[in-house]
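What follows is a short report on a single structure.
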């Protein structure tokens, strides 16, 4: 069997099992197993595939056909142009979350002064904090999560990226000290009853705790809105990823907590994705 024949068979198997983006996944697994670039594949694709590569490739194709996420098979996911290691203990980074990084860094780059302090709450794989630090080396980052296993993976990613980030094991703000210029968060926001309706790759393999926003999906936003003012400097900002139908509810929580300049930004699909606000302590906490 040639490399091209194997790739075609891989596509066919994934298509028959109704895997979305079957062609893309079949190629990425080919690339993962063989180390081939696209160019090399086009040049050498008609040569015979090594037996050990063929065996490994179709083992992975069968696992992907069984709905194991591609990222759990390769162990990596690209985010903001960086390669992050992932496993069953962390939420696989999504492209939608890149908007959170882009919106946050707009403010970081427009702020004067060095050593701006940022807290990433519910850091998971660390993709938000690490990307912000890599792209904005002037900032200081603390990344927090309740999952020790997730923090282990986040630390490995920080080491791989040579990012100096402080990691804190905490249940939301319970072990957080100090104040920050910005808090960013992609908290669990899917209502519990909705999780069972998600695709198998998500509901069976992403950590339940990283998905579950409790009964109405707003549990962690209530905590963030209520508690974050104590941990923000005067004029500090909060940026949070949200579900596409949660903008009005999350904006209302921020308004009730005293935030100003509240707005929602849409993702590339035109869906509400990031809610942000400013907290001016000088007007409220004297």
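Residue numbers (the numbering used here): 278 to 563. For each residue, glycine too, the CB sits at the ideal point set by N, CA and C.
So, helix, strand or coil for residue i, using DSSP?
i: residue 278; result: coil
i: residue 310; result: helix
i: residue 510; result: strand
i: residue 359; result: strand
i: residue 288; result: helix
i: residue 344; result: coil
i: residue 496; result: helix
i: residue 248; result: Residue 248 lies beyond the stretch modelled for the chain, which goes from 278 to 563, so this question has no answer here.
i: residue 442; result: strand
i: residue 536; result: coil
i: residue 489; result: strand
i: residue 372; result: helix
i: residue 415; result: coil
Whose C-alpha, out of the options, is nearest the C-alpha of residue i?
i: residue 545; options: 535, 521, 430, 528; result: 521
i: residue 400; options: 385, 525, 391, 430; result: 430
i: residue 350; options: 323, 305, 392; result: 305
i: residue 455; options: 556, 440, 516, 509; result: 509
i: residue 550; options: 528, 536, 534; result: 528
i: residue 363; options: 404, 303, 280, 468; result: 404
i: residue 356; options: 475, 410, 372, 345; result: 372
i: residue 555; options: 505, 443, 519, 499; result: 505
For my contact list, residue i and residue j are in at a C-beta cut-off of 8 Å; report their separation, rounded to the angstrom.
i: residue 465; j: residue 493; result: Actually they do not touch by this definition, with Cβ atoms about 12 Å apart.
Span of the alpha helix (DSSP H) holding residue i?
i: residue 404; result: 404-412
i: residue 472; result: 469-472
Can you tell me which residues form a DSSP beta bridge with residue i?
i: residue 462; result: 398, 517
i: residue 366; result: According to DSSP, which records beta bridges pairwise, residue 366 is partnered with nothing at all.
i: residue 422; result: 446
i: residue 551; result: 518, 542
i: residue 319; result: DSSP output for residue 319 lists no bridge partner at all.
Ends of the beta strand (DSSP E) at residue i?
i: residue 546; result: Run containing residue 546: none; DSSP gives neither H nor E here.
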